[in-house]
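Protein chains in written order, with the working numbering: chain C, 2 to 186; chain G, 2 to 186. The beta-carbon is built from N, C-alpha and C at its ideal position, and this holds for glycine as well. Keep in mind it's a predicted model, so treat the numbers as computed, not measured. First comes the structure, then the notes that go with it.
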DNA sequence: CCGAAGTTTCAATTATTTCTGAACGAATTG
DNA sequence: CAATTCGTTCAGAAATAATTGAAACTTCGG
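Listed below in structure tokens is the structure:
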């Protein structure tokens with residue numbers, strides 16, 4: 002029945018857009034979620050052209066999106082004997098997806114931020130007055146925060162478990178160093 | 002010494018931009034991280050004008066940014082007796098910040114996505130052929146994924162601990178329902 | 001080798017996000 | 001109550017990001 006087909010296409014889009022919105026909320030392009038969804042919902046692997054058709058995207062955009070999804074190990078290319086085109090299927094191990102994404106984001110913190118904090122700290126060495134000491138201390142806090150964050154995320158990626166308990170007071174300065182007006186709300 | 006002051010300004014910007022980049026990587030505006038940093042590094046609470054000055058932002062943009070930071074409970078307004086202007090200070094309990102953000106993002110999944118998945122599922126009820134059944138099953142998987150995700154995130158927000166072990170095979174379909182070409186890479 | 005089919009790349013366009021600056025409003029003071 | 005100081009808002013400007021469409025490439029069969 003044709004009615005059935007039509008309903009299915011509507012349902013597919015509904016799901017694709019929902020997933021697209023979720024991952025957009027987590028900082029990715031909506032298209033990534035939409036393409037993954039169609040692949041996930043499909044019985045069999047699909048070629049780029051079919052994705053473009055179903056999601057009303059251009060060939061270029063589908064290509065870009067598939068490349069990115071593969072970079073995140075969230076979609077895989079599959080080989081079909083005798084077929085010229087390339088087919089794709091969705092990764093279904095969600096843990097793989099999460100851990101890949103998280104560790105990727107972690108790498109950024111590690112590499113780039115660390116050295117900038119260190120450089121900032123360098124700029125202040127030798128200063129002896131109270132103000133400077135307090136500033137040095139605060140930068141040091143951010144650095145140890147980066148350390149802890151890296152450890153926690155690392156453990157998370159490895160084991161699937163995370164404990165953020167140690168984060169609470171990492172940034173809070175000892176009373177002695179504080180000199181603030183009282184909070185109003 | 003003026004040299005000291007200059008170095009400090011440079012260090013401050015270095016830190017602010019580093020933090021800005023991090024939080025940008027996690028899906029927020031860079032300005033949020035920059036403003037939070039300057040507040041965190043400061044001895045005392047600061048007024049909007051000082052933030053604008055130090056970060057070279059317009060008054061409007063500082064105002065918007067501070068409002069958003071407060072919405073996330075990441076910056077607080079403080080009252081200074083006898084002063085007309087409003088002053089701000091950084092929240093230093095990082096756990097508060099994380100949990101607020103995560104629970105906010107969770108809310109989105111809960112509200113909007115659930116009903117769309119349900120609607121998609123509705124569209125397919127009654128279909129008896131194998132293809133339709135498989136599709137219904139896959140949508141059901143996404144739904145239970147949403148359930149589990151919500152539980153895990155909820156626990157995380159409450160306890161600071163998360164265990165993603167249960168995620169691995171949630172989306173994977175039973176062999177019987179699969180009909181795919183073999184993976185090529 | 002040629003041509004067809006499929007894919008990637010990229011400059012140009014379009015859409016979206018963010019920021020600015022000026023106007024408005026509220027609060028405070030002389 | 002006029003003048004001043006802050007803060008917010010918002011229309012338009014500027015900056016970024018995503019998408020298209022077409023050209024360039026790649027692969028493969030003949």
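Just the C-alpha distance for residue i and residue j, rounded to the nearest angstrom, thanks.
i, j, result
"residue 17/C", "residue 124/G", "15 Å"
"residue 166/C", "residue 4/C", "54 Å"
"residue 114/C", "residue 106/G", "25 Å"
"residue 121/C", "residue 149/C", "19 Å"
"residue 55/C", "residue 11/C", "10 Å"
"residue 36/C", "residue 30/C", "11 Å"
"residue 128/G", "residue 95/G", "50 Å"
"residue 168/C", "residue 109/G", "25 Å"
"residue 67/G", "residue 103/C", "28 Å"
"residue 13/G", "residue 19/G", "10 Å"
"residue 47/G", "residue 111/C", "30 Å"
"residue 87/G", "residue 139/G", "53 Å"
"residue 161/G", "residue 41/G", "23 Å"
"residue 60/C", "residue 70/C", "15 Å"
"residue 177/C", "residue 81/G", "Confidence at residue 177/C is low in this model, with a pLDDT of 48, below 50, so the placement of that residue is unreliable and no value is reported for it."
"residue 28/G", "residue 26/C", "8 Å"
"residue 79/G", "residue 151/G", "35 Å"
"residue 83/G", "residue 62/G", "26 Å"
Kindly indicate which residue of the options has the alpha-carbon position closest to the one of residue i.
i, options, result
"residue 92/G", "164/G, 141/G, 162/G and 72/G", "72/G"
"residue 44/C", "136/G, 173/G and 144/G", "136/G"
"residue 97/C", "85/C, 76/C and 32/C", "76/C"
"residue 101/C", "116/C, 158/C and 132/C", "158/C"
"residue 89/C", "95/C, 64/C and 104/C", "64/C"
"residue 85/G", "168/G, 127/G, 49/G and 15/G", "49/G"
"residue 118/G", "6/C, 23/C and 46/C", "23/C"
"residue 6/C", "133/G, 74/G and 161/G", "133/G"
"residue 99/G", "74/G, 112/G and 15/G", "74/G"
"residue 116/G", "9/C, 15/C and 8/C", "15/C"
"residue 9/G", "126/C, 161/C and 160/C", "126/C"
Residue i versus chain C: which residues are under 8 Å apart at the beta carbon?
i, result
"residue 117/G", "15, 16, 18 and 19"
"residue 27/G", "28 and 106"
"residue 8/G", "124 and 125"
Counting only Cβ pairs nearer than 9 Å, list the residues of chain C close to residue i.
i, result
"residue 99/G", "165 and 168"
"residue 102/G", "Here the premise fails: no neighbours, minimum Cβ distance about 11 Å."
"residue 162/G", "162, 163, 164, 165 and 166"
Considering only residues of the same chain and omitting the five flanking positions on each side of residue i, which have a CB-CB separation below 7 Å?
i, result
"residue 171/C", "142, 145, 146 and 149"
Determine the chain G residues that contact residue i at a beta-carbon separation under 9 Å, and present them in chain order.
i, result
"residue 4/C", "Here the premise fails: no neighbours, minimum Cβ distance about 11 Å."
Tell me whether residue i counts as near the ligand SAH, meaning its Cβ is closer than 7 Å to at least one heavy atom of that ligand.
i, result
"residue 98/G", "The ligand SAH is not among the ligands present in this structure, which contains no ligands whatsoever."
Using C-beta distances below 6 Å, list every residue in its chain close to residue i, excluding the 5 sequence neighbours before and after it, in chain order.
i, result
"residue 131/C", "none"
"residue 174/C", "none"
"residue 21/C", "31, 34 and 35"
"residue 182/C", "Because residue 182/C carries a pLDDT of 48, less than 50, the predicted location of this residue cannot be relied on, and the following value inherits that uncertainty. Nothing meets the Cβ criterion."
"residue 58/G", "none"
Residues in the same chain with beta-carbon distance under 8 Å from residue i, minus the five sequence neighbours each way, listed in chain order, please.
i, result
"residue 163/G", "153, 154, 156 and 157"
"residue 39/G", "13, 17, 47, 52, 55 and 56"
How would you list, in chain order, the residues of chain G whose beta-carbon sits under 8 Å from the beta-carbon of residue i?
i, result
"residue 173/C", "93 and 94"
"residue 23/C", "109, 110 and 114"
Under 7 Å Cβ-Cβ, which residues of chain G neighbour residue i?
i, result
"residue 11/C", "124"
**OP:** Could you list the residues in the stretch 109–143 of chain C with a C-beta less than 8 Å from some C-beta on chain G, going in chain order?
**Re:** Flagged, chain order: 109, 110, 113, 114, 117, 118, 120, 121, 122, 124, 125, 128, 132, 133, 135, 136, 139, 140 and 143.
Original post:
Using a beta-carbon distance cut-off of less than 9 Å, what residues from the stretch 78–94 of chain G approach chain C?
Top reply: Cβ contacts with chain C come from 78, 79, 80, 81, 82, 84, 87, 88, 90, 91, 92, 93 and 94.
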